[in-house]
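Peer 1: In order, the protein sequence lines correspond to chains U and P.
Taking this note's numbering, the leading residue of the first sequence gets 6, the next gets one more, and so forth.
Taking this note's numbering, the leading residue of the second sequence gets 230, the next gets one more, and so forth.
Note that the Cβ used here is the ideal one computed from N, Cα and C, for glycine as well.
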Amino acid sequence: MRAPIPPAALRATGALSRLAGRGGGTTLPGKLLWKLDPEGIDRLAGRLPQGSVLVSATNGKTTTTAMAAGLLAPTARLAHNASGANLVSGIASTLLQARDAELGLFEVDEGALPEVARRLRPKALLLANLFRDQLDRYGELELVAARWRETVASLPEAVLVVNGDDPQVGDLGRDRPRTLVFGIDDPAHARPSLQHAADSKYCLRCGTPYEYAAAYVGHLGDYHCPRCGHARPALDVAARSIALHGLDGSAFTLAAPAGEARVELRLPGLYNVYNALAAASLALALGVSPADAAAGLARFSAAFGRFERIGVGDRRLLMLLVKNPAGANEVVRTLVDGGAPRAAVIALNDEIADGRDVSWIWDVDVEPLIPGLERLVATGSRAAELALRFAYGGLDRGRIEVEPSLERALDRGLALTPPGGELTVLPTYTAMLALRRIVAGRGHVANYWEGRS
Amino acid sequence: MLAERARARGHELDVAAIGMHDAVPAGIDLFYVGGGQDREQELVAHDLVAKGEALHAAVADGAVFLAVCGGYQLLGRSYVDVAGRELPGIGLLPLHTVAGSTRMIGDVLLDCAWADRSLAGFENHAGRTLLDRGAEPLGRVLAGFGNDGSSGFEGCRSGRVFGTYLHGPLLPRNPWLADLLLTEALAHAGLETSLEPLGDELEAQAHAVAAERARARGGRR
């Protein structure tokens, strides 16, 4: 029988880790707790007076959870893993730091959800989408979905909030009480056809390809099976009358049983409408009014690293994270809508957090970017691979520069940007962290562990 | 990618998709079949068998075939999944596959002595592919798991039919293989059989990084 480790001792390791220069120290204390006293996590979570709420998805976890934090903060002191450390160890660390928190709000990695749910016994669960992401980590989308199904079944008392527009996720809420289904209801914004990066195109019941009355993002939309009739469930909460304003933002009407409200968002693209809709639905399920949800979303500025404008001297960086085909396609589409950039720095790393299998870049539709692109600076550890993708996509090889060093690539990109101009930077996850560190080291943006919590 | 490289030498590649329930048209010079998730594999297996006779005829006539991952498995005699159910293959390659309980995932580097070249790629498969005695592999494993994690070999080739677990993507990193497939396909079409080399600096860089990755962190048997 192990003696519990005092939380203060573990918190100290976080501070030491930062002083030693090993990054934000946001997961070391949690890792130690998990190794030395695993049930400590369950105990810490059990001490939260209002329990916990979990958010999981392939795309949009950090943004959605950050939005939800903004909506729930007025109602309770939150323990929230805002930096995005979303495995068991990261959540453990957050619990350790949160001395007088009342409600836990955690984004959770799709693969870690079963264990986190088992330990935290959340009172609410938000499941937003399942896309093909780092194949080398999970191998099969259906395995993740099956484990999610088991997790949902193990929490019959919890409130479940699901994206009805995702066939696999929406199905998790079928015939279940205490469930709220959200989705987009605005065919004017539908794509003409499904993108090829879509998964889950085959009917869950009979294997026939779904048909879509409206396909919005990837395989998300209003689907039905022409053979057996399996279809999108009825929506409890819908986003209607959507307006997209290029890179400046978006707006939609939040339509819920409790009423309607117009949401003005400072984030662009349909994918952020989905994020906002998910966060709002969760807040509504927890008792926030539609009007308050809309007001909270209007105040929201982007979550760490996902969509940021950073001033660098007399120029600006526009940094948009890319992780997988569906997300990257949305980023490309949003960029083109806002005026395709003439120069771009794109950083492809292949660490574990980025996905070691970089073949996903060949499923990204980069072609819309190419006509307007005068210069591409390809960087990161797989820079040459990225350059090849664009070369075979039709970009003249003379316009492609391969510069594996992120710092030199950034400077090259800035040199290509006129004074007062904006440089588009598209990094994968670890490249985003490294670039932020470089830029912060020059005094331009707060380090992520100093940010608002 | 093949279309681009063909075009660079003045050839037009006419690309057509052959879907489920479609007949196999005559006169095709090069076939490609990729992989997918397990559920889709089952749907495709039965359809592929229905096309089997036409595909055998095409290969006998000299058409080129590249099969990757799930496609590679289905080109063998059979595929047994984790539940023990056997799916039929079309028997164009002398092998069969049995799904294992763990996945073999990681960077791969192969020595292809028959071409005096190396192949760099990425594998991710639960299937253990066993080559028949006397069957020719695609290459010897320098780093990675390969066909079954123990034989020391990866892939299989038989005449103009090539199968492999390597993706990553396979051809941009290994342009020599792309050119080999194109050369054979052009020969089948009755056209020139030697291709002008292209610069391929980016391809060489990508290959070098992938090869280094394989040596550093490819799957250990």
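1) Report back the beta-carbon spacing between P:Ala328 and P:Val297 to the nearest angstrom; my notes put them in contact at under 8 Å.
2) Have a look at U:Thr99, U:Glu112, U:Glu44, U:Ala13 and flag the residue whose alpha-carbon is nearest the alpha-carbon of U:Ala308.
3) Specify, as a first and last residue, the run of the alpha helix (DSSP H) that U:Gly446 falls within.
4) Is there a C-beta anywhere in chain U that falls below 8 Å from the one on P:Phe374?
5) Which residues of chain U have a Cβ atom closer than 8 Å to the Cβ of P:Pro398, listed in chain order?
6) What does U:Arg210 reach in chain P if we use C-beta pairs closer than 8 Å?
7) Going by C-alpha to C-alpha distance, which of P:Pro426, P:Glu383, P:Leu427, P:Asp258 sits closest to P:Ala349?
8) Tell whether a beta-carbon distance below 8 Å holds between U:Asp176 and U:Ala244.
9) Comparing alpha-carbon positions, which option in P:Trp343, P:Leu427, P:Tyr394 lies nearest P:Gly305?
10) To the nearest angstrom, how far is it from the Cα of P:Leu295 to the Cα of P:Phe260?
11) Which residues in chain U sit within 9 Å of P:Leu360, going by Cβ to Cβ distance?
12) Assuming U:Ala122 and U:Leu59 are in contact, meaning their beta carbons sit under 8 Å apart, how far apart are those beta carbons, in whole angstroms?
13) Which residue from U:Ser364, U:Tyr217, U:Asn334, U:Gly425 puts its Cα closest to that of P:Asp336?
14) Less than 7 Å between the CB of P:Asp377 and some heavy atom of the ligand GDP, yes or no?
15) For P:Ala279 and P:Gly392, I'd like the C-alpha separation in whole angstroms.
16) For U:Ile10, which residues does DSSP report across the bridge?
17) Establish whether the CB of U:Val382 and some CB of chain P are separated by less than 8 Å.
18) Within 10 angstroms of its Cβ, does U:Ala129 collect 16 or more other Cβ (buried), or is it exposed?
19) How far does the beta strand (DSSP E) with U:Thr32 in it reach, from first residue to last?
20) Could you give the distance in angstroms between the alpha-carbon of U:Val371 and the alpha-carbon of P:Leu424?
21) Check the DSSP bridge columns for U:Gly254 and list the partner residues they point to.
22) Just to confirm, are U:Leu165 and U:Gly178 a CB contact at a threshold of 8 Å?
23) Which same chain residues, not among the five before or five after U:Tyr207, have their C-beta less than 8 Å away from its C-beta?
24) Please name the residue, chosen from U:Val317, U:Val336, U:Gly332, that lies closest to U:Leu428 on a Cα-to-Cα basis.
25) By Cβ distance, which residues of its chain are closer than 6 Å to U:Arg314, with the 5 residues on each side in sequence left out?
26) Taking just the CA atoms, how far does U:Gly65 sit from P:Asp290?
27) How long is the line joining the alpha carbons of U:Glu334 and U:Asp355, rounded to whole angstroms?
28) Quick one: is U:Val293 buried, meaning 16 or more other Cβ sit within 10 Å of its Cβ, or exposed?
29) Name the residues in the segment 418-431 of chain P whose C-beta lies less than 7 Å from a C-beta of chain U; which are they?
30) Would you say the segment 431-442 of chain P touches the segment 344-360 of chain P, given that touching needs at least three Cβ pairs under 8 Å?
31) Among U:Leu131, U:Leu146, U:Ala62, U:Gly56, which residue has its Cα nearest to the Cα of U:Arg124?
32) Counting only Cβ pairs nearer than 7 Å, list the residues of chain U close to P:Gln434.
33) When burial is assigned at 16 or more other CB atoms within 10 Å of the CB, is U:Asp153 buried or exposed?
34) Between P:Thr331 and P:Gln302, is the Cβ-Cβ spacing less than 8 Å?
35) From the DSSP output, read off the bridge partner residues of P:Cys385.
36) Determine the chain P residues that contact U:Tyr397 at a beta-carbon separation under 7 Å, and present them in chain order.
Peer 2: Let me spell this out:
1) About 17 Å separates the two Cβ atoms, so there is no contact after all.
2) U:Glu112
3) Where U:Gly446 is concerned, the enclosing alpha helix (DSSP H) stretches over 434-446.
4) no
5) Ser364, Trp367
6) Within 8 Å Cβ-Cβ: nothing; U:Arg210 doesn't reach chain P, min ~12 Å.
7) Of the listed residues, the one whose Cα sits closest to P:Ala349 is P:Glu383.
8) no
9) P:Tyr394
10) 6 Å
11) None at all; the shortest Cβ gap to chain U is about 24 Å.
12) 6 Å
13) From the listed residues U:Ser364, U:Tyr217, U:Asn334, U:Gly425, the smallest Cα separation to P:Asp336 is found for U:Ser364.
14) Although the ligand GDP was asked about, the structure shown includes no ligands whatsoever.
15) 20 Å
16) Its beta-bridge partners do not exist; DSSP assigns none.
17) no
18) That one is buried.
19) U:Thr32 -> no beta strand (DSSP E), and no H or E assigned at all.
20) 29 Å
21) U:His250
22) yes
23) Thr213, Pro214, Tyr215
24) Nearest to U:Leu428 by alpha-carbon distance, out of U:Val317, U:Val336, U:Gly332, is U:Val317.
25) Arg321, Leu323
26) 51 Å
27) For the sequence presented, residue 334 of chain U should be read as Asn rather than Glu. Each residue's alpha carbon lies about 19 Å from the other.
28) buried
29) Leu431
30) Output reads yes: the segment 344-360 of chain P touches the segment 431-442 of chain P.
31) Its Cα nearest to that of U:Arg124, the residue U:Gly56 stands out among U:Leu131, U:Leu146, U:Ala62, U:Gly56.
32) Ala389, Val407
33) Reading off the sequence, residue 153 of chain U comes out as Trp, not Asp. Per the 10 Å Cβ criterion, buried.
34) no
35) P:Gly392
36) Those within 7 Å of U:Tyr397 in chain P are Met230, Glu233, Pro401.
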